[in-house]
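First up is the structure itself, then whatever we jot down about it.
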Amino acid sequence: MTKHNVHLVIPATHEDVLMARMTMSGLGMLSGLEVDLIGDLRTVTNECCNCLLGRARVPQKLIADASVADGRLVLTFTAEGVGERDGQPVDRDIAYGILSTLMPEISLREDELGIVQIVCSMPAGGDGANE
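Just so you know, we're using our numbering here: the sequence shown kicks off at 1 and counts up by one.
Structure (structure tokens):
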């Protein structure tokens with residue numbers, strides 16, 4: 001399987017999340033995901049970015065790293081910097097519950113401001129990805 005890597009840095013705004021959704025959708029297409037799983041990938045990207053935007057202080061940047069290697073698609077979303085705007089922290093258990101319905105493997109990392117990093121992975125090519 002061909003290896004694919006993406007590193008995307010966007011301003012931490014709801015408007016710029018569209019770039020992350022479209023980029024991750026393209027990576028899903030390149031990795032051979034079925035159409036319905038590409039839709040799930042877009043939703044996961046949106047939910048991860050919303051969780052990071054919901055920190056107690058909105059970050060300055062969102063970083064989306066993704067790779068397809070060894071039959072796995074791995075996504076890492078990270079909040080970087082501390083912005084000037086107050087946010088509305090997202091409940092960790094609710095975020096995990098939503099994300100785990102879309103991706104089989106989820107890891108959340110938190111700091112004093114809320115969720116700071118989310119790592120998701122699934123088999124590439126659609127084999128058992130949503131089980």
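The beta carbon of each residue, even a glycine, is placed where N, CA and C say it ideally should be.
Cβ of residue i within 8 Å of Cβ of residue j?
{"i": "residue 124", "j": "residue 31", "result": "yes"}
{"i": "residue 55", "j": "residue 97", "result": "no"}
{"i": "residue 41", "j": "residue 33", "result": "yes"}
{"i": "residue 5", "j": "residue 107", "result": "no"}
Could you have a look at residue i and say whether DSSP puts it in helix, strand or coil?
{"i": "residue 124", "result": "helix"}
{"i": "residue 101", "result": "coil"}
{"i": "residue 42", "result": "helix"}
{"i": "residue 78", "result": "strand"}
{"i": "residue 57", "result": "strand"}
Within the present structure, is the beta-carbon of residue i separated from the nearest heavy atom of the ligand COA by less than 7 Å?
{"i": "residue 77", "result": "Annotation note on the ligand COA: not contained in the displayed structure, which lists no ligands."}
Between which two residues does the beta strand (DSSP E) harbouring residue i extend?
{"i": "residue 107", "result": "105-111"}
{"i": "residue 11", "result": "4-11"}
What's the gap between the Cα of residue i and the Cα of residue j?
{"i": "residue 51", "j": "residue 90", "result": "6 Å"}
{"i": "residue 83", "j": "residue 60", "result": "5 Å"}
{"i": "residue 48", "j": "residue 99", "result": "8 Å"}
How far does the alpha helix (DSSP H) with residue i in it reach, from first residue to last?
{"i": "residue 33", "result": "Here residue 33 belongs to no alpha helix (DSSP H), and DSSP marks it neither H nor E."}
- Query: At a cut of 8 Å, does the segment 107-126 reach the segment 74-84 through at least three beta carbon pairs?
  - Reply: Yes: at least three Cβ pairs fall under 8 Å.
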